[in-house]
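**Q**
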Amino acid sequence: MSHGDRWVHLNSAGLGRMPAAVRELLTEWTRFEDRYGPYELEERLDDVLHREIHERLAALLGAPPGDTVLCTGAADAFAAVLSRLPLGPRDRVWTTAYESAANLGALHALRARTGCRLDVVPLRPDGDLDLEWMERHIGADVALVCVPYVPSGCGIVNPVEEVGRILAPHRCLYAVDASYAVGQLSVDVARVGCDLLTGDGWRFLRGPQSAGFACAAPRLRQALAPHGGLSLVPPHGAAAVALNAALARHAALPPRKDLGPGLRAAVEETSGTELIAPGRLQSGIVTFRHEELPAAQVRRRLADRGVLVWKTVAHQIPLYLPGRGVVTAVRASVHHDNSAEDIELFAAALGDAVARARPPSVHAPRPPAAAPVARALPSGPPPARLPRPREIGRRHLTLVPGGPPDPDPGRLQPGA
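With positions in the sequence shown counted from 1, the corresponding number in this note's numbering is that position plus 646.
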């Protein structure tokens, strides 16, 4: 199920495939840093770390170079900013049902520290944010609005630019989590109109892990200045160098083919599968579940057929997925280096993976063996099976349907 020795990688939303040249740089400068120390590395690469990478980030995000900051990841940057925001009990903070668990944790900590009220912007019946509700309820008491550009557990593209236009005349700060958008969508901070935009370098940008960035507008910096300013933990120097190289490679990529519709069609045409795709605008992230097979089993069966996807769990979007009866789901995502042939291989592998969801009845005649995947396979031997890690216990928290998504649901107010 691979193109030669290459697996069909459909998990850039989780961890992008780092290009060989970027990995070599990371290895080289990690060895240098280990031998001579971070200060020597910073002196050796001063121009790269303090000018070049910020110019690349500014070009990627449509932002002034002076507004970009390196950090260890989007969630870390968001939590650090919220820990210093000067809010009070009379302030309201808006979030959405698509907020990640990590960012919700930071919002709950903000509420516990300041006594502010935390509201959830309601959704329209189709799953889009209710912009009319936002227009009716925005006021001077709204101090912060947080919207994920693309959530981690479903492919909706939220209308961040429209939200920015609604908020522009008001005092509130506007934060956008672009972790799952930057690198797969065109992100322009000026058009979005946000005060804080955060992103990860290891997803669609295919940089190293624990290397991310934030874009902080002057208004946010001024609000934080009396309270310690904007202070983010930077990534290791070698990781920053590798991220700079990944940004350079990303900037040189040709225009991306939109493979998302083909990926969604492959899921819809597979018997027993259900798309989790709220909203009218979708990205290259496709989430689905099977009516009989657990997501972990679907993921393993696809891996056995050379297609790498990921399993997402309800607590990753605790205000949305559990309420829809979703406990676990499969997430596939496409990148610039994927091709139409990858989608065909995925479709064939998925059909084969779920073809025998139930064990055959002992009274029913055994159907003849079918090999629908073989027709899509290139010539040559099949790839080796991925080694499976030894199970040591539960690796994640699974929320069962009906369980409370919020540890303090009485104080997390839905929009009314």
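Ideal Cβ placement from N, Cα and C applies to all residues, glycine included.
Roughly how far, in whole angstroms, is the beta-carbon of ALA978 from the beta-carbon of LEU656, given that I think they are within contact range, below 8 Å?
**A** Their Cβ separation, rounded to whole angstroms, is 4 Å, which keeps ALA978 and LEU656 in contact under 8 Å.
**Q** Kindly indicate the opening and closing residues of the beta strand (DSSP E) around PRO794.
**A** First-last of the beta strand (DSSP E) with PRO794: 788 to 794.
**Q** Indicate whether the contact test is met: 3 or more Cβ pairs, each with one atom in the stretch 766 to 780 and one in the stretch 944 to 951, closer than 8 Å.
**A** No, they do not touch.
**Q** Tell me, which residues are paired with ILE922 by DSSP?
**A** Answer is none; ILE922 lacks a bridge partner.
**Q** Can you tell me whether SER917 is buried or exposed? The criterion is at least 16 other CB atoms within 10 Å of its CB, across all chains shown.
**A** With fewer than 16 Cβ atoms within 10 Å of its Cβ, SER917 is classed as exposed.
**Q** Could you tell me if the beta carbon of TYR820 falls within a distance shorter than 8 Å of some heavy atom in the ligand MN?
**A** Because no ligand of any kind appears in the structure shown, any question about the ligand MN cannot be addressed here.
**Q** What separation, rounded to the nearest whole angstrom, lies between the Cα atoms of HIS816 and ASP998?
**A** Whole-angstrom Cα-Cα distance: 54 Å.
**Q** Given that a residue counts as buried once 16 or more other Cβ atoms are within 10 Å of its Cβ, and exposed if not, what is ASP1073?
**A** As displayed, the chain neither begins before 647 nor continues past 1062, which places residue 1073 out of reach and without an answer.
**Q** I'd like to know whether the C-beta atoms of GLU1139 and ILE963 end up nearer to each other than 9 Å.
**A** Limits of the chain in this structure are 647 at one end and 1062 at the other, which puts residue 1139 out of reach.
**Q** DSSP has CYS717 in a bridge; who is on the other side?
**A** Answer is GLY858, bridged to CYS717.
**Q** Could you check which residue in ARG926, LEU967 and LEU909 has the C-alpha nearest to that of VAL955?
**A** Nearest of ARG926, LEU967 and LEU909 to VAL955, Cα basis: LEU909.
**Q** Does the Cβ-Cβ distance between ARG690 and SER729 come in under 9 Å?
**A** No, they are not a contact pair.
**Q** According to DSSP, is PHE850 part of a helix, a strand, or is it coil?
**A** Coil.
**Q** Would DSSP call TRP653 helix, strand or coil?
**A** Here TRP653 sits in coil by DSSP.
**Q** Residue ranges of each alpha helix (DSSP H) run of no fewer than 4 residues wholly in the stretch 867 to 924, ordered along the chain?
**A** Qualifying alpha helix (DSSP H) stretches, in chain order: 883 to 897 and 906 to 914.
**Q** If you reduce the DSSP assignment to three classes, tell me which class GLY997 lands in.
**A** Three-state result, GLY997: helix.
**Q** Roughly how many angstroms separate the alpha carbons of PRO854 and TRP848, rounded to a whole number?
**A** Looking at the two C-alpha atoms, the distance is approximately 5 Å.
**Q** Looking at C-beta atoms only, is the number of pairs between the stretch 706 to 718 and the stretch 872 to 886 that lie closer than 8 Å three or more?
**A** Output reads yes: the stretch 872 to 886 touches the stretch 706 to 718.
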